[in-house]
Ligand SMILES: Nc1ncnc2c1ncn2[C@@H]1O[C@H](COP(=O)(O)OP(=O)(O)OP(=O)(O)O)[C@@H](O)[C@H]1O
Ligand SMILES: [Mg+2]
């Protein structure tokens with residue numbers, strides 16, 4: 001039996017056969033249940049599905065997608081360095097197609113953090129407690145597909161009260177010959193009173209063809225824990241991303257998410273779901289996306305305020321060039337019991353080309369009466385007055401525009417608390433903008 | 001240095017400048033006065049190259065080159081500077097990076113290499129001293145949250161940094177406190193030389209006591225209706241503009 005779909009037959013049709021070939025009928029029954037659930041949801045969503053109205057993923061599931069991981073290539077330190085993504089003073093976890101590579105990694109002290117392959121973590125109590133636990137997973141086509149097909153991923157548990165001062169840098173490398181669908185599955189638990197910073201970056205490694213990354217990350221931030229999570233979406237045009245990040249926050253915890261889409265990828269879809277399940281939590285979601293050519297960047301987020309006295313704050317900014325498409329959908333639910341909620345949301349877009357599109361939709365549903373909520377959306381061009389001011393000082397048109405776009409974007413990147421990350425992000429963004437605006 | 005001939009300009013189809021003639025030579029200071037809405041800022045905007053203005057007639061020669069043919073940035077690189085009546089705030093662009101970029105783009109235009117960091121800082125310091133400009137403002141975003149007077153002083157400071165041949169100062173005095181007015185004027189006087197020139201737009205004779213002009217012009221309804229020496233400013237201060245308006249009405253052809 002082949003594990004590759006042909007060009008003519010759709011992925012959905014061949015999925016059962018692919019599944020059986022890869023996983024047989026034995027093993028964890030959750031896989032088969034997820035596959036059934038995926039099919040019951042309608043399989044790959046089309047633009048007729050409300051949440052996928054502007055994001056047509058169907059074409060990405062043609063061309064002979066394989067789900068079987070290739071042999072892991074050997075990677076030298078120099079090759080890792082050549083990705084340009086390495087950050088100083090960080091622990092380092094290197095994954096190839098979602099599989100942790102110990103020799104290339106610099107692990108944090110075991111007394112503070114447990115790091116394991118997901119495939120070897122099933123016996124750990126935190127795994128048993130939290131794996132595949134998010135209710136919301138059931139609503140997401142691709143989360144179900146991931147649950148059915150995942151090979152491996154990263155298990156991280158920050159121990160109770162551990163203060164991990166040095167950030168943990170997770171470098172996702174993707175490798176294949178041909179077109180691959182890879183389903184990394186991660187579980188990150190920040191135990192009570194702990195403190196940690198996780199940074200994710202991505203790069204293609206010796207990649208012939210394309211990789212469609214359909215990842216699911218479940219994160220739990222326990223009582224009084226503080227977790228910062230940077231998703232730096234890099235890696236060039238051959239990587240496509242559909243990400244699900246499911247975060248559960250417990251009492252007095254803090255979660256900061258930075259989702260920065262900085263790649264030339266055709267398709268990036270982020271689903272970020274935050275569930276505030278206890279009182280007095282704090283959440284900050286910062287997003288920045290740049291897109292040019294015919295790229296599509298889609299950020300869907302939802303914040304569920306279930307309990308009183310929680311605060312969430314979301315700021316997403318995007319720059320759209322050429323014929324790119326941007327989608328922002330931000331849901332905030334304030335449930336009946338969630339009195340004294342503070343929930344804020346902002347989405348600002350700079351649309352540089354008349355052919356670019358942006359679809360932005362804040363969705364607030366509030367069922368409690370004593371709350372402070374606000375949202376705002378802007379779509380605009382660079383200010384002509386500001387442009388003229390810069391030019392009147394001798395700065396050329398392209399450079400002046402560049403400065404204004406960066407000024408707009410760097411309002412978000414200025415929120416980054418790790419200087420080396422901020423520097424890297426601004427460098428990548430500057431390079432991207434210089435190339436895109438000079439075309 | 002600057003030779004404006006019969007300049008007409010319009011905004012959105014409305015004629016604003018209706019035949020300006022003005023000749024400014026190197027080493028001279030010209031003051032332009034005139035009632036609100038007479039077209040002073042419009043003239044400054046047209047000279048600086050603001051796109052909203054359409055030049056419908058006339059010519060402007062700047063040191064032998066056709067000014068109207070140049071983009072705003074080229075005009076600046078050729079040595080024209082406009083201190084704005086209302087400098088804009090640009091959040092996220094740091095004052096110092098902005099200045100460095102401007103200085104180096106102008107240098108590049110003249111075939112000079114970018115300024116070394118040290119040389120740039122030295123120049124920054126000496127001009128800060130000259131203009132008594134608060135160094136703390138340098139590291140902030142361009143004009144963001146600056147007080148009205150601070151914005152004006154920032155513009156004048158930029159002028160000192162860029163060392164233009166021709167500086168047009170649009171109501172730089174309005175918004176400046178008494179001390180600042182003296183400081184800025186003293187700075188401008190130090191920048192005055194035989195190779196550069198100033199056009200100073202103002203409503204108040206007081207500024208002209210500090211920066212003594214060689215000529216004073218009155219702009220009214222898109223035209224220069226009277227020119228004289230610094231005594232004209234005194235006369236205007238005393239009598240206002242009505243007497244001039246009367247004179248003009250008598251000269252205008254009966255419709
Ligand atoms: N975009 C525009 N559309 C229509 N009219 C305009 C526009 N911009 C300027 N004007 C008009 O042009 C005229 C001249 O304006 P300008 O700003 O040049 O006056 P000014 O002499 O600088 O006045 P002030 O002393 O108040 O600064 C005014 O009547 C003004 O309303
Ligand atoms: Mg004016």
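Chains as they are written, first to last, in UniProt numbering: chain U, 1 to 439; chain Y, 1 to 255.
Glycine residues also receive a C-beta, built at the ideal position from the N, C-alpha and C atoms.
Item                                                                                                                                                                                        : Value
Report yes or no: is there a C-beta of chain U within less than 8 angstroms of the C-beta of residue 101 of chain Y?                                                                        : yes
Just to be sure I understand the criterion: a residue counts if its Cβ is closer than 7 angstroms to at least one heavy atom of ligand 2. Which residues meet that?                         : Y/40, Y/41, Y/85, Y/170, Y/171, Y/201
Does the beta-carbon distance from residue 89 of chain Y to residue 143 of chain Y come in below 8 angstroms?                                                                               : yes
Between which two residues does the alpha helix (DSSP H) holding residue 140 of chain Y run?                                                                                                : Neither: residue 140 of chain Y is in no alpha helix (DSSP H) and is coded neither H nor E.
Answer yes or no: the CB of residue 37 of chain Y versus the heavy atoms of ligand 1, is any distance below 7 angstroms?                                                                    : yes
Sorted by chain position, which residues of the same chain lie with C-beta nearer than 7 angstroms to residue 364 of chain U's C-beta, five sequence neighbours on each side aside?         : 332, 373, 375
How would you write the range of the alpha helix (DSSP H) that residue 236 of chain Y sits in, first residue to last?                                                                       : 230-239
Shorter than 8 angstroms from the beta carbon of residue 391 of chain U to some beta carbon of chain Y?                                                                                     : yes
Can the beta-carbon of residue 142 of chain U be found less than 8 angstroms from the beta-carbon of residue 274 of chain U?                                                                : no
Count the other CB atoms, across all protein chains shown, that sit within 10 Å of the CB of residue 255 of chain Y; report buried if there are 16 or more and exposed otherwise.           : Residue confidence is low: residue 255 of chain Y scores 45 on pLDDT, short of 50, so the model does not pin down where it sits. Its coordinate-derived value is still stated next. Exposed, because fewer than 16 other Cβ atoms sit within 10 Å of the Cβ of residue 255 of chain Y.
Taking residue 50 of chain Y as the query, report the chain U residues whose CB atoms sit under 8 angstroms from its CB, ordered along the chain.                                           : 388
Just how far apart, CA to CA, sit residue 284 of chain U and residue 310 of chain U?                                                                                                        : 11 angstroms
Could you give the C-beta distance for residue 228 of chain Y and residue 216 of chain Y, rounded to a whole number, given that I count them as a contact under 8 angstroms?                : 6 angstroms
Determine which residues share a DSSP beta bridge with residue 226 of chain Y and list them.                                                                                                : Y/218
Nearest-angstrom Cα distance between residue 56 of chain U and residue 358 of chain U?                                                                                                      : 15 angstroms
Ordered along the chain, which non-local residues of its own chain (more than five positions away) have a Cβ less than 6 angstroms from that of residue 229 of chain U?                     : 198, 257
Let me know the secondary structure DSSP gives residue 8 of chain U once reduced to three states.                                                                                           : Interpretation of residue 8 of chain U is limited by its pLDDT of 47, a score under 50 that renders its predicted location unreliable; no figure is taken from the coordinates.
Given that a residue counts as buried once 16 or more other Cβ atoms are within 10 Å of its Cβ, and exposed if not, what is residue 173 of chain Y?                                         : buried
Nearest-angstrom Cα distance between residue 13 of chain U and residue 42 of chain U?                                                                                                       : 12 angstroms
In chain order, what residues of the same chain have a beta carbon less than 6 angstroms from the beta carbon of residue 121 of chain U, not counting five sequence neighbours either side? : 127, 155
Classify residue 61 of chain U as helix, strand or coil using the three-state DSSP reduction.                                                                                               : helix
Distance check for residue 97 of chain Y and residue 114 of chain Y, CA to CA, integer angstroms please.                                                                                    : 13 angstroms
Taking only runs of the alpha helix (DSSP H) that begin and end inside the region 53-133 of chain U, which ones reach a length of at least 4 residues, in chain order?                      : 77-81, 125-130
Would you verify that the beta carbon of residue 290 of chain U is, or is not, closer than 8 angstroms to some beta carbon of chain Y?                                                      : no
Report yes if the C-beta distance between residue 169 of chain U and residue 92 of chain U is below 8 angstroms; otherwise report no.                                                       : yes
I'd like the span of the beta strand (DSSP E) that includes residue 10 of chain Y, first residue to last.                                                                                   : 2-11
Is the beta carbon of residue 6 of chain Y sitting closer than 8 angstroms to the one on residue 19 of chain Y?                                                                             : yes
So what's residue 16 of chain U in DSSP terms, helix, strand or just coil?                                                                                                                  : helix
Using only the heavy atoms of ligand 1, determine whether one of them is closer than 7 angstroms to the beta carbon of residue 76 of chain Y.                                               : no
When the Cα atoms are used, what is the spatial distance from residue 141 of chain Y to residue 99 of chain Y?                                                                              : 11 angstroms
From residue 132 of chain Y to residue 220 of chain Y, what distance separates their C-alpha atoms?                                                                                         : 35 angstroms
In the DSSP assignment, what residue or residues form a beta bridge with residue 283 of chain U?                                                                                            : U/255, U/312
In whole angstroms, what separates the C-alpha of residue 48 of chain U from that of residue 341 of chain U?                                                                                : 34 angstroms
Would you kindly check if the distance between the Cβ of residue 145 of chain U and the Cβ of residue 214 of chain U is under 8 angstroms?                                                  : yes
If you check the beta carbons only, do residue 158 of chain U and residue 202 of chain U fall under 8 angstroms apart?                                                                      : no
Along chain Y, which residues have their Cβ under 8 angstroms away from the Cβ of residue 399 of chain U?                                                                                   : 101, 105
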